[in-house]
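If you count by this note's numbering, then the sequence shown holds residues 38 to 504, one letter each, in order. Report on the following structure.
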Amino acid sequence: MSTTQTFESISRLRCIACGATPDSASRDFRCTACGDLLEFFFPGWAFDSPAFDPATLKALWLSRCTSRDALDQSGVWRFRELLPHIPEEHAITLREGNTPLYRLPRCARAAGVENLRAKHQGMNPTASFKDTGMTFAASFAHQGRFAWVACASTGNTSASMAAYAARGNMRSLVLIPEGKISWGKLSQSLDYGALTCQLRTDFDGCVRILNDLVRQKPVCLLNSVNPYRIEGQKTAAIELMEQLAWEPPDHIIVPGGNLGNSSAIGKALIEMRDLKLISRLPKLSIIQAHGANPFYRSVREFGGRKLEAMTADTLATAIRIGNPASWKKALRVLQATGGEVEEVTEIEIATAKAEIGADGIGCEPASAVTLAGLKKLRRSGFVKPGEAVVLILTGHALKDPDFTIKFHRGELFADTAVAGTSIAGTPEETEAAQAKYLQRAPVVLDADLGAVIAALDAAERNSELCS
Ligand code: F0G
Numbered sequence: 038m039s040t041t042q043t044f045e046s047i048s049r050l051r052c053i054a055c056g057a058t059p060d061s062a063s064r065d066f067r068c069t070a071c072g073d074l075l076e077f078f079f080p081g082w083a084f085d086s087p088a089f090d091p092a093t094l095k096a097l098w099l100s101r102c103t104s105r106d107a108l109d110q111s112g113v114w115r116f117r118e119l120l121p122h123i124p125e126e127h128a129i130t131l132r133e134g135n136t137p138l139y140r141l142p143r144c145a146r147a148a149g150v151e152n153l154r155a156k157h158q159g160m161n162p163t164a165s166f167k168d169t170g171m172t173f174a175a176s177f178a179h180q181g182r183f184a185w186v187a188c189a190s191t192g193n194t195s196a197s198m199a200a201y202a203a204r205g206n207m208r209s210l211v212l213i214p215e216g217k218i219s220w221g222k223l224s225q226s227l228d229y230g231a232l233t234c235q236l237r238t239d240f241d242g243c244v245r246i247l248n249d250l251v252r253q254k255p256v257c258l259l260n261s262v263n264p265y266r267i268e269g270q271k272t273a274a275i276e277l278m279e280q281l282a283w284e285p286p287d288h289i290i291v292p293g294g295n296l297g298n299s300s301a302i303g304k305a306l307i308e309m310r311d312l313k314l315i316s317r318l319p320k321l322s323i324i325q326a327h328g329a330n331p332f333y334r335s336v337r338e339f340g341g342r343k344l345e346a347m348t349a350d351t352l353a354t355a356i357r358i359g360n361p362a363s364w365k366k367a368l369r370v371l372q373a374t375g376g377e378v379e380e381v382t383e384i385e386i387a388t389a390k391a392e393i394g395a396d397g398i399g400c401e402p403a404s405a406v407t408l409a410g411l412k413k414l415r416r417s418g419f420v421k422p423g424e425a426v427v428l429i430l431t432g433h434a435l436k437d438p439d440f441t442i443k444f445h446r447g448e449l450f451a452d453t454a455v456a457g458t459s460i461a462g463t464p465e466e467t468e469a470a471q472a473k474y475l476q477r478a479p480v481v482l483d484a485d486l487g488a489v490i491a492a493l494d495a496a497e498r499n500s501e502l503c504s
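Here's what the structure looks like:
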């Protein structure tokens, strides 16, 4: 249809700070005039073109759900009218997106809201939300005929990049902080054939090396400063609105690390509102771990005027980031949607993760900050009991089984040090003790029917006591 062609061809790059509109991006995806980040905009959308009819687009996207075409089956490329144009022959897809929206009844009770759902981006091909941006950015790299793609990562970006590079016959270079990412994530990038370098530094140190590297070597940078990543990640919000029959919730809550995801979801919401695909904006709130909270501090202490980098530390290793690249983009969407920023403790994260697990869903620790944050936002009155809330769960429970096992065995906080800080004698120690009711350590028994029946009866009595 003609609408499709018209809207595919009119994206431009623009600097978020000085407004420069370069024809193409430099290798580090920074503005050559002022050094800030670039973003895509779509000049044609401003003209309120009669060819652009929200109902027609919604019907087109829905019709693709029954198509056998690989691009139509992708939950990213299905919405290609809202993305920059990349020729089909360069598209690398693993049928990403298409992730479920679940109700969370137990978590809703724990948080004190009636209508709580989770969009589980951990149900993507490499088990994290990164795939929606990676399919698009890797395709851009393919179009640019790059032999190598590269990223710095806390583990999920690298797993995703390595998979898409392999599918697109490109080589991938992964820079990860040594000893600070989960084994599951590391194993993925090895299996997908990446050159995996564990650097003796943290995530922010890996980013610094990579930025210097891309200036010297012809590798395509696939971190979320690459604006193609942001465009692909927008589709999580588009798909969510479609799942909600285009009726926005009151709140969407996301974890904040490098702040690419919040920027992408916010950008999509604003664009959908401008294009009249939705009638109002949900409030987009961003939650950080207390030990990795530079954005929280930027907003709360400096009104978003500056961001002070910090040395980050949290057991939610995916968001162990002290100098988030996309903080200005995230600030813009926070302000545009009227969202809030919160921080949560290690114990709040671990408790929330177990609660999401107890709803039969599960997620990795960084995703659980959303529920922990929701509880705080309820307590502060920012979220009202009757409001509709959607949590964005960013990674699958199996991404970090070590964390889960330690929690259930009561070992996560047993050394009384959470992310380097002793909790002995602090309110956190009491909180950690309170989380015990969620712990279900495995029971080791003799291979004996009587022993299993006794365990079953004991569990039954326990649950009666707890109810
Ligand atoms: N949740 C998970 C599971 C993540 O892996 C990340 C980031 C985030 C949340 C935060 O998203 O950075 O867009 O604000 N992981 C990156 C990585 C940094 O390298 O895998 P963000």
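Think of the CB as a built atom: it goes at the ideal place given N, C-alpha and C, for glycine as much as any other residue. From a predicted model like this one, the values you see are computed outputs, not experimental measurements.
- Your pair L296 and F339 does not check out as a contact, with CB atoms roughly 16 Å apart and the cut at 8 Å.
- In this structure, P162 places its C-beta atom within 8 Å of the C-beta atom of E133.
- Excluding sequence positions up to five before and after L344, its CB lies within less than 6 Å of the CB of P331, S335 and W364, all in the same chain and listed in chain order.
- With contacts defined as CB atoms closer than 8 Å, E377 and F419 qualify as a contacting pair.
- The Cβ neighbour count for P214, taken over all protein chains shown within 10 Å, is at least 16; the residue is labelled buried.
- The straight-line gap separating the alpha-carbon atoms of R182 and A62 is approximately 15 Å.
- The C-beta separation of T136 from Q110 comes to about 13 Å, leaving the pair out of contact by the 8 Å criterion.
- Under the three-state reduction of DSSP, W114 is assigned to helix.
- Taking non-hydrogen atoms of ligand 1 into account, the C-beta of K412 is found less than 7 Å away from none of them.
- For V489, the number of other beta carbons within 10 angstroms of its own is below 16, and it is reported as exposed.
- Put simply, the segment 185-194 touches the segment 255-265. At least three CB pairs are less than 8 Å apart.
- For N135, no alpha helix (DSSP H) segment is defined, and its DSSP state is neither H nor E.
- Annotation for H327: E380, V381 and T382 place their beta carbon closer than 7 Å to its own, counting only its chain and skipping 5 residues before and after.
- Annotation for T351 indicates a beta carbon at 7 Å or more from all heavy atoms of ligand 1.
- Here DSSP, grouped into helix, strand and coil, assigns Q235 to strand.
- With a cutoff of 7 Å, G297 counts as near ligand 1, since its C-beta is closer than that to a heavy atom of the ligand.
- Residue range K320 to A326 is occupied by the beta strand (DSSP E) that includes A326.
- Not one heavy atom of ligand 1 lies closer than 7 Å to the C-beta of G462.
- If you draw a straight line from the Cα of L482 to the Cα of A491, it is about 10 Å long.
- Counting of Cβ neighbours within 10 angstroms places T93 among the exposed residues, the total staying below 16.
- Between A164 and Y201, the C-beta spacing is not below 8 Å.
- A distance below 6 Å between beta-carbons, with the five flanking residues on each side excluded, links K390 to the following residues of its chain, in chain order: P402 and A405.
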